[in-house]
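Okay, so here's the structure we're looking at.
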Amino acid sequence: MNVYNYSNLVPEVHYFIHRKCTPEWCIIPMTIPFTDFTYVVKGEAVYHINDKTYIAHAGDIIYIPKGSRRQAECVADDLMECYAVNLMFKDNDGQDVRLPLDTITNIRQQPKILEILHELEEVWTGREPGYQLKARGLACLYVAEVMSVYEKKFSEQADPRITETIKYMRKHYKDPLSITGAADYYGLHPNYYGNLFKKITGVSFNQKLMEIRLEMARNMLYSGEYNVSQVAAECGFSDIYYFSKVFKKAVGVNPSLLIPGWTEVS
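So for the sequence shown, numbering that gives the first Met the number 0 puts the first residue at 0; every next one is plus one.
Here it is in structure tokens:
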């Protein structure tokens, strides 16, 4: 699953704690079978993740993917308070998902995120019937809000030429767009522009364009107003067979299966 497409993300809460560290607090070294998604609200702590050392501060999101080696200890004169959520991130096909986050990302104090975490704390500690379903829903809100803040921060820091290009892609995804055309518009060499685009977004120009086209295709198919041929043409694919091939590879099913009421005949 592509890390920039969250529509199929299914987080499952395995553990939650509103942690107020004592001077003795620590996390023993271990390889974690879950994703650690922690929001620091006060103080500091030292984390050792995959042989690198990080200092986590108030306002930081600590993102430690499944399979990472993790260890931590407190800072005695500035004890950490945090909300630690251990999650399993999977897509609809049960495949593990990684988010496009650094190990430590400062998002400052976010009242909306704190509100979600307060509610998650009540649900998790109350453990009333259906609490796991409620916890999953709140985890979705938590992750969505973090990613919204992250992407806003990213867009503010990103090269405006790249953000404008992505906006243009979203409006003109049907057109035959090329990295050469975008580079020419800004007076840059295509190789330089391509490297800049990938450095900022994490994917190539063509990969990003394909993501947007497939996202639009999914929406059109779900609407039930178009057949597969129409969707392919409207999303910039001149060959319906190529469209079906790349769609199935990215989404996991034939595009026709997303049309409401359509069933595949075996």
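Glycine residues also receive a C-beta, built at the ideal position from the N, C-alpha and C atoms.
> What is the DSSP secondary structure of H188, counted as helix, strand or coil?
Replying inline: DSSP places H188 in coil when its eight states are reduced to three.
> With 16 other CB atoms within 10 Å as the buried threshold, where does G201 fall?
Replying inline: It counts as exposed.
> Is the region 66–76 touching the region 37–53, taking contact as three or more C-beta pairs under 8 Å?
Replying inline: Using a C-beta cut-off of 8 Å, the region 66–76 makes contact with the region 37–53, since at least three inter-stretch Cβ pairs fall below that distance.
> If we count the other Cβ atoms within 10 Å of its Cβ and call it buried at 16 or more, is M29 buried or exposed?
Replying inline: By the 10 Å Cβ count, M29 comes out exposed.
> For K41 versus E80, is the C-beta distance shorter than 8 Å?
Replying inline: The answer is yes: Cβ separation under 8 Å.
> For the region 224–232 against the region 116–126, are there 3 or more C-beta pairs whose distance is under 8 Å?
Replying inline: Short answer: they don't touch.
> Between the C-alpha atoms of L220 and L257, what's the straight-line distance to the nearest angstrom?
Replying inline: Roughly 6 Å between the two C-alpha positions.
> For Q70, does the three-state DSSP call read helix, strand or coil?
Replying inline: Residue state, collapsed to three classes: strand.
> Under three-state DSSP, which class holds N1?
Replying inline: With a pLDDT of only 37 at N1, under the threshold of 50, the placement of this residue in the model should not be trusted, and no figure is reported.
> Is the distance from the Cβ of F246 to the Cβ of L213 below 8 Å?
Replying inline: In contact: F246 and L213 (Cβ atoms closer than 8 Å).
> What's the call for E210, buried or exposed, on a 16-neighbour Cβ count within 10 Å?
Replying inline: When all chains shown are included, E210 counts as buried.
> With 16 other CB atoms within 10 Å as the buried threshold, where does A55 fall?
Replying inline: Classification for A55: buried.
>> Within 8 Å, do at least three Cβ pairs link the region 102–114 to the region 131–147?
In response: Judged by Cβ distances under 8 Å, the region 131–147 makes contact with the region 102–114, as three or more pairs qualify.
>> Relative to the C-alpha of Y130, which candidate in L8, P259, F15, F196 has its C-alpha closest?
In response: Comparing alpha-carbon positions, the option among L8, P259, F15, F196 lying closest to Y130 turns out to be F15.
> So is N190 in contact with chain D if we call contact Cβ pairs under 8 Å?
Replying inline: Of the chains in the structure shown, none is chain D; there is only one protein chain.
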